[in-house]
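In what follows, a single structure is set out as structure tokens and then discussed.
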Amino acid sequence: MPDEVSPTHEARRLVPRRPLREDAVFNLGRVAEWVLACAHRDRSLLRSAMDDRLHQPGRARAYPYLDDTIAAAEQAGALGAALSGAGGSVIAIADRDLRRVGDAMLRSAAHHRRPGRILILNAVARGPRL
């Protein structure tokens with residue numbers, strides 16, 4: 026999580042108002058892949074399920090550390106990583122080596138002069154209840 030976050034309204038200006046059809050279709054495919062990964066507990070699908078063509082490419086111009094930090098997380102063992110929200114945070118999903126993944130992300134962001142902090146959170150295994 027970066028020490029300085031960007032206001033949401035500024036980040037929204039970096040995303041095209043009307044996405045290209047192929048980008049929208051790509052992202053819909055990632056949603057389906059995410060559901061498949063969760064339904065079948067197939068962690069190998071998470072990395073590509075977290076790919077994005079709608080909001081990450083435009084915001085990467087404002088967050089020059091984004092691609093490197095995602096790559097650092099994945100190289101350190103994350104199952105996947107992506108931009109989280111509008112303010113420049115990067116989320117990574119990992120099932121082991123959590124500190125190593127977080128430290129790799131911090132080093133990458135620091136290389137771009139974007140200090141921050143890591144939050145290691147547990148996923149809730151209990152699904153929705155009616």
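In this note's numbering, the protein residues as written are 26 to 155.
Glycine residues also receive a C-beta, built at the ideal position from the N, C-alpha and C atoms.
Owing to the predicted nature of the structure, the values given are computational and were not obtained by experimental measurement.
Cross-strand partners of S114 (DSSP beta bridge)
Taking the first residue of the sequence shown as position 1, residue 114 is located at position 89. S109.
If you check the beta carbons only, do L39 and G83 fall under 7 Å apart?
Within the sequence shown, the letter at position 14 stands for residue 39. Within the sequence shown, the letter at position 58 stands for residue 83. In this structure, L39 sits near G83, with a CB-CB distance shorter than 7 Å.
Can you check which of these residues, A148, A129 and V115, is closest to V30 by C-alpha distance?
Walking along the sequence shown from the start, residue 30 turns up at place 5. When only C-alpha atoms are compared, the closest one is V115.
contact_flag[the region 89 to 102, the region 110 to 129] where n(CB pairs < 8 Å) is 3 or more
The region 89 to 102 is in contact with the region 110 to 129.
Alpha-carbon to alpha-carbon, G54 and S109:
Position 84 of the sequence shown, counted from the first residue, corresponds to residue 109. Position 29 of the sequence shown, counted from the first residue, corresponds to residue 54. Those two C-alpha atoms are separated by around 19 Å.
Which of helix, strand or coil DSSP assigns to C27:
Sequence index remark: in the sequence shown, residue 27 carries index 2 (1-based). Rather than Cys, the amino acid found at residue 27 in this sequence is Pro. Three-state result, P27: strand.
Give the straight-line distance between the Cα atoms of V50 and D76, rounded to the nearest whole angstrom.
Indexing the sequence shown from 1 puts residue 50 at position 25. Indexing the sequence shown from 1 puts residue 76 at position 51. Rounded to the nearest angstrom, the two C-alpha atoms are 12 Å apart.
For E58 versus L70, is the C-beta distance shorter than 7 Å?
One-based indexing of the sequence shown puts residue 58 at position 33. One-based indexing of the sequence shown puts residue 70 at position 45. In this structure, E58 sits near L70, with a CB-CB distance shorter than 7 Å.
Take the Cβ of H80 as the centre, count every other Cβ of all protein chains shown within 10 Å, and call the residue buried at 16 or more, exposed below.
Here residue 80 refers to the residue found at position 55 of the sequence shown. In this structure H80 is buried. Its beta-carbon is surrounded by 16 or more other beta-carbon atoms within 10 angstroms.
Continuous alpha helix (DSSP H) stretch holding P82: start and end:
In the sequence shown, the residue the question calls residue 82 occupies position 57. DSSP places P82 inside the alpha helix (DSSP H), whose first and last residues are Q81 to A85.
Expected contact under 8 Å - CB spacing of L104 and R72 to nearest Å:
Position 79 of the sequence shown, counted from the start, is the residue given in the question as residue 104. Position 47 of the sequence shown, counted from the start, is the residue given in the question as residue 72. The C-beta distance from L104 to R72 rounds to 6 Å, short enough to fall under 8 Å.
Counting along the chain, where does the alpha helix (DSSP H) carrying H136 start and finish?
As a working mapping, residue 136 is identified with position 111 in the sequence shown. Following the DSSP letters along the chain, one finds H136 inside the alpha helix (DSSP H) bounded by residues L123 to H136.
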